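Going by the working numbering, the sequence shown opens with residue 25, and the numbers climb by one from there. Here a beta-carbon is modelled for each residue, glycine too, at the ideal position from N, C-alpha and C. None of these values were measured; they are calculated from a predicted model. Written below as structure tokens is the structure these notes are about.
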Amino acid sequence: MIQIGETPIHLTRVEPDQNMARFYEMSVQPTLFGEATVFRNWGRIGTRGQSMMVTYPGAIEATAALTKLERQKQRRGYR
């Protein structure tokens, strides 16, 4: 199980024949109010990319969302 504040998960998808070089990074961080936030950052390798954060009431919900998101990305070819 993923712990809050653990090293971020970094996934990449590189397919040269399709000119595709993407990254996806995710982590769970605590908030000041006892909640947990899933931070996501994605884009083309070599760029800053885009970011999104979603706050959940607790660490259990946040880690479940992170695990689900990681599985989805791996099914789409990220390693």
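Nearest to G73 by alpha carbon, out of R46, P54, A86, E85? Along the sequence shown, read from residue 1 onward, the residue named residue 73 stands at position 49. Out of R46, P54, A86, E85, R46 has the C-alpha closest to the C-alpha of G73.
Using C-beta distances below 7 Å, list every residue in its chain close to T97, excluding the 5 sequence neighbours before and after it, in chain order. Here residue 97 refers to the residue found at position 73 of the sequence shown. Looking at the sequence provided, one finds Lys at residue 97 rather than Thr. Within the same chain, K97 has close Cβ partners L35, Y48.
Tell me the residue span of the alpha helix (DSSP H) that contains E94. Along the sequence shown, read from residue 1 onward, the residue named residue 94 stands at position 70. Unbroken alpha helix (DSSP H) run through E94: 83–99.
Quick check on P40: does DSSP put it in helix, strand or coil? For this step, residue 40 is matched to residue 16 along the sequence shown. DSSP places P40 in helix when its eight states are reduced to three.
Step through the CB atoms of chain D and report whether any lies within less than 8 Å of the CB of Q96. This model lacks chain D altogether; it includes just one protein chain.
If I measure Cβ to Cβ from V78 and keep anything under 6 Å in the same chain, skipping five residues before and after, which residues do I get? Translated into the one-based positions of the sequence shown, residue 78 becomes position 54. Excluding sequence neighbours, V78 sits near V62.
Rounded C-alpha distance that separates P40 from P32: For the purposes of this step, residue 40 is identified with residue 16 of the sequence shown, where counting begins at 1. For the purposes of this step, residue 32 is identified with residue 8 of the sequence shown, where counting begins at 1. The straight-line gap from Cα to Cα measures roughly 25 Å.
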